[in-house]
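What follows is a short report on a single structure.
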Amino acid sequence: MKKAVTLKDNHAFRRMYQKGASAVGGSMVVYCRKNKLDHNRLGLTASVKLGHAVVRNRARRRLREVYRLNAHRLRQGYDIILVARGRTGTAAWKDLNDTFLRLCRKLDLLEERT
């Protein structure tokens, strides 16, 4: 991912957790909030509770790929944080993808196709 489209600052994550809208699924949590840019920014989080570094990195890689495959379907101008949960590393790709799309639909992040 390009540096310009990622969230890395701690205060940005804290602001999203406090003021952003959220939706919870079995394998991930999605937080979103409008930004004043014309593109989306992505942040990924995997807690130490998930396991050691290999497990956390695998969960982040899977979430990053789910986002990448569906980025063209999302509205622009949002900060999005994906939080890995226990099943993120072992869930089937179809389940991860379906969960992501369902949560984005719930948060009204998907563009309407006409």
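Residue numbers (the numbering used here): 56 to 169. For every residue, glycine included, the Cβ atom is placed at its ideal position computed from N, Cα and C. All values derive from a computational prediction rather than experimental measurement.
Residue burial classification, residue i (beta-carbon count within 10 angstroms, cutoff 16)
{"i": "S102", "result": "exposed"}
Three-state secondary structure assigned by DSSP to residue i
{"i": "L92", "result": "coil"}
{"i": "D134", "result": "strand"}
{"i": "A108", "result": "helix"}
{"i": "A126", "result": "helix"}
{"i": "R147", "result": "For the record, residue 147 in the displayed sequence is Ala; it is not Arg. Reduced to three states, the DSSP call for A147 is coil."}
{"i": "L164", "result": "coil"}
{"i": "T169", "result": "Annotation note: pLDDT 47 at T169 (below 50); position unreliable, no value reported."}
{"i": "A78", "result": "strand"}
{"i": "A67", "result": "helix"}
{"i": "A101", "result": "coil"}
CA nearest to the CA of residue i, picked from the options
{"i": "L124", "options": "Y86, Q73, V85 and D153", "result": "D153"}
{"i": "V79", "options": "L151, E167 and R69", "result": "L151"}
{"i": "R157", "options": "H107, K74, Y72 and V121", "result": "V121"}
{"i": "Y72", "options": "V138, D93, S82 and A114", "result": "V138"}
{"i": "G132", "options": "E167, K104 and R96", "result": "R96"}
{"i": "E166", "options": "G141, D134 and H127", "result": "H127"}
Residues that residue i bridges to, as DSSP identifies them
{"i": "V84", "result": "V79 and V138"}
{"i": "T61", "result": "L97"}
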